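All residue numbers for the sequence shown refer to this note's numbering, where the first residue is 39 and numbers rise by one. See structure below.
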Amino acid sequence: MPQPHLMIHIVPGKCDYCGCCVGVCPEDAIELMESKIALIEDRCTNCRKCVWACPWEVIEFHREGVDHLPKQTPHMLNEAVKF
Ligand code: SF4
Ligand code: SF4
């Protein structure tokens, strides 16, 4: 069952798409595409396994929930950084 408040935040632009978080998520709540990573909120139980697994600290845990985070840093999608 998903928690009432999402506490997981994917920091935009930091992901290198290694896939470590996808492998440890017991709920299949992270989707990794070619240049995007997305959190499926309905499935997330805030277990934090993805937070601990990420080698680059891309995924943050916010005990108070992620609703307060600024709109310009969406937690759903991490767009690829263009060089
Ligand atoms: S907090 Fe747990 S359930 Fe949510 S995306 Fe991370 S590993 Fe999956
Ligand atoms: S969020 Fe972290 S663990 Fe997940 S694919 Fe990106 S860099 Fe890898």
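Where a beta carbon is used, it is the ideal one built from N, C-alpha and C, also for glycine. Being a predicted model, the structure only gives us computed values, none of them experimental.
As assigned by DSSP and simplified to three states, the class of residue i
{"i": "E69", "result": "strand"}
{"i": "G57", "result": "coil"}
Inter-residue Cα distance where the pair is residue i and residue j
{"i": "T87", "j": "C63", "result": "Reading the sequence as shown, one finds Lys at residue 87 and not Thr. About 6 Å."}
{"i": "W94", "j": "G61", "result": "15 Å"}
{"i": "F53", "j": "L77", "result": "Rather than Phe, the amino acid found at residue 53 in this sequence is Cys. Roughly 13 Å separates the two Cα atoms."}
{"i": "C59", "j": "R101", "result": "19 Å"}
{"i": "C82", "j": "E69", "result": "12 Å"}
Span of the beta strand (DSSP E), counted from its first residue to its last, around residue i
{"i": "E122", "result": "The structure shown does not extend to residue 122, since the chain is modelled only from 39 to 121, so the question has no answer here."}
{"i": "L77", "result": "I75 to L77"}
{"i": "H47", "result": "I46 to I48"}
Strictly closer than 7 Å from CB to any heavy atom of ligand 1: give me those residues in the order they appear in the chain.
With the criterion CB distance below 7 Å from any heavy atom of ligand 1, the matching residues run I46, C59, V62, C63, P64, E65, A67, I68, L77, R81, C82, T83, N84, C85, R86, K87, C88, V89 and I97 along the chain.
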